[in-house]
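To start, the structure under review is shown below, and the notes come after it.
Chains as they are written, first to last, in the numbering used here: chain A, 605 to 977; chain B, 463 to 646.
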């Protein structure tokens, strides 16, 4: 825990009733901020991270020493311009970057929670982060933004707090996690659980790490973030530092080597149990069902202006699922824009340098901000 | 901006709720947004045009009017605008019905195939007319259902669609373009 001692966090004292039935209180929520809150307090943006993200969206992550996950989109002069806006990003509960998660010590047992940690949902994550508005005394956010699981949190936030965000940008997401996505998440979870070091989730107290299982989970997931065309263009059948096939199971191909590398660096920064808990939260997400099969009802009370973005080559959260959200909003006459960005970078497009995407976000935010001034 | 757009913009009332179907690069939306009503949004099929709308800071929904108008509830807009696209739809009758369902009023403009230049072209040259408003050849034109102002008026009469002609002068022979304000 010591590695997190210098990062910002609030302790949420008041009880939070989780969807699973348990109530938690006095738990930490780690966050980071970018830019300055203006005196009218009308320039605040809350951004939500995806499965393996954290609060360090921009600049250098002080723990991993890597660039923040949204460095292309967030920063001075960028799409989400921190010279204009005050951006808050929190680590979700269940995560492993300082917020309340399965590697925290259970005060009753003095041991890490492991799989005794309560199962959390997207709703729980959003409700926990809502406390940041009170902490910063922000009456209304200028925007809530997020991609992938972050986009699900955007939808949940507007549904839970219909008048707390002026604008919302859900990116490459869905209102209801698909069977394919549940299947892919289950593949990752089973990979972790099949690692002997996992120890039913109590690996920390035995000083073990299910690194192999977690690495395979990451490798499988990483493929789903890319597209066939993108993979073919980047790697094709190129060989890894060799002139010919070696007739062995070494990484002959560059794509193999690349995936192995992605797996190996991931285990250094991510906790296996957090991976289980957060993927579970995504699988449980079904805003449509929560409103009796009518997604429009989720947004009925809201005056939030939406802008929804999808990507042509994203097969994980395809345009059709994003469009369902647009349809639900149009069906009740809400203000919504929608763009499908051309990109061969797959689901990961929202994290990468995709100029049409970044310009879209920038233009929508700037125009909306002009209108409130 | 095209003269047609000024004429269309004159027909909408201040601060009304407007949908521009097939909004193109957003030129008309931008003008209305800046001068008449902020409550305007568009639907556009072409990705490059959608980006141009976004660059102008306009609210645009990327989509296909033939499929996507059905998601809007009845009477959800004061005006629905359709500028010179009706003839390009596979099923213009359906699109027109949808416009009149979701809009209290529909403003529809059509290139007039009955214009004297078009008539003369066909009469003397014997080939499909190519004019300023109809710049394509027969083999690459997006216009599937060309009609004349008179055809359109007849259509509306048979369907009991009310044409509000107040601000408009229609001449089937002399107008290259017909602009109609329609009501159910």
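All C-beta atoms, glycine included, are put in the ideal place defined by N, C-alpha and C.
- Cβ-Cβ separation between residue 782 of chain A and residue 617 of chain A: approximately 37 Å, too far for a contact (criterion under 8 Å).
- Contact annotation: residue 759 of chain A and residue 779 of chain A have beta-carbon atoms nearer than 9 Å.
- Of all residues in the segment 713 to 730 of chain A, none places a beta-carbon less than 9 Å from a beta-carbon of chain B.
- Residue-level contact check: residue 486 of chain B does not touch chain A, since none of the beta carbons of chain A fall below 9 Å from its beta carbon.
- The criterion of a C-beta distance shorter than 9 Å is satisfied by residue 950 of chain A and residue 918 of chain A.
- Taking CB atoms only, residue 946 of chain A has a neighbour in chain B less than 9 Å away.
- Using a CB distance cut-off of 9 Å, residue 549 of chain B does not count as an interface residue toward chain A.
- Residue 586 of chain B does not reach chain A, its nearest Cβ partner there being about 45 Å away, counting only Cβ pairs nearer than 8 Å.
- With respect to the 9 Å criterion, residue 542 of chain B and residue 525 of chain B are not classified as neighbours on the basis of their beta carbons.
- Residue 525 of chain B: not part of any alpha helix (DSSP H); DSSP gives it neither H nor E.
- For residue 803 of chain A, the closest C-alpha among the options A:973, A:716, A:702, A:750 is that of A:716.
- At a cut-off of 9 Å between C-beta atoms, residue 936 of chain A counts as an interface residue with respect to chain B.
- As a beta-bridge residue in DSSP terms, residue 609 of chain B pairs with B:574.
- The Cβ-Cβ distance between residue 736 of chain A and residue 614 of chain A falls below 9 Å.
- In this structure, DSSP gives residue 503 of chain B an extended state, which the three-state scheme calls strand.
- In this structure, DSSP gives residue 766 of chain A a state outside helix and strand, which the three-state scheme calls coil.
- Between the C-alpha atoms of residue 826 of chain A and residue 867 of chain A there is a straight-line separation of about 9 Å.
- Between residue 584 of chain B and residue 549 of chain B, the C-beta gap is not smaller than 9 Å, which leaves the two residues out of contact.
- Residue 622 of chain B carries a coil assignment under DSSP once its states are collapsed to helix, strand and coil.
- Take the alpha-carbon of residue 635 of chain A and the one of residue 502 of chain B: they are about 37 Å apart.
- Between the C-alpha atoms of residue 798 of chain A and residue 817 of chain A there is a straight-line separation of about 7 Å.
- Of the other Cβ atoms in all chains shown, 16 or more fall within 10 Å of the Cβ of residue 828 of chain A; this residue is therefore buried.
- Rounded to the nearest whole angstrom, the C-alpha separation of residue 630 of chain A and residue 677 of chain A is 33 Å.
- Take residue 578 of chain B, set aside five residues on each side of it, and the residues of its chain with a beta-carbon closer than 8 Å to its own are 635, 636, in chain order.
- Contacts between residue 523 of chain B and chain A, judged by CB atoms closer than 8 Å, involve 930, 934, 940, 941, 942 in chain order.
- A straight line joining the alpha-carbon of residue 619 of chain B with that of residue 478 of chain B spans about 27 Å.
- Assignment of residue 944 of chain A by DSSP, reduced to helix, strand and coil, places it in the strand class.
- Measuring C-alpha to C-alpha distances from residue 973 of chain A to each of A:785, A:684, A:623 identifies A:684 as the nearest.
- Residue burial is scored here from C-beta neighbours: residue 976 of chain A has fewer than 16 other C-beta atoms within 10 angstroms and is therefore classed as exposed.
- Those residues of the segment 950 to 961 of chain A placed with their C-beta closer than 7 Å to a C-beta in chain B are 960, ordered along the chain.
- In this structure, DSSP gives residue 604 of chain B a state outside helix and strand, which the three-state scheme calls coil.
- Counting only Cβ-Cβ distances below 7 Å, residue 538 of chain B has contacts in chain A at 937, in chain order.
- Along the segment 897 to 917 of chain A, there is no position whose C-beta sits under 7 Å from a C-beta of chain B.
- Put simply, the CB of residue 520 of chain B is near chain A, with a gap under 9 Å to one of its CB atoms.
- Exposed is the label assigned to residue 854 of chain A, since fewer than 16 other Cβ atoms lie within 10 Å of its Cβ.
- Residue 682 of chain A carries a coil assignment under DSSP once its states are collapsed to helix, strand and coil.
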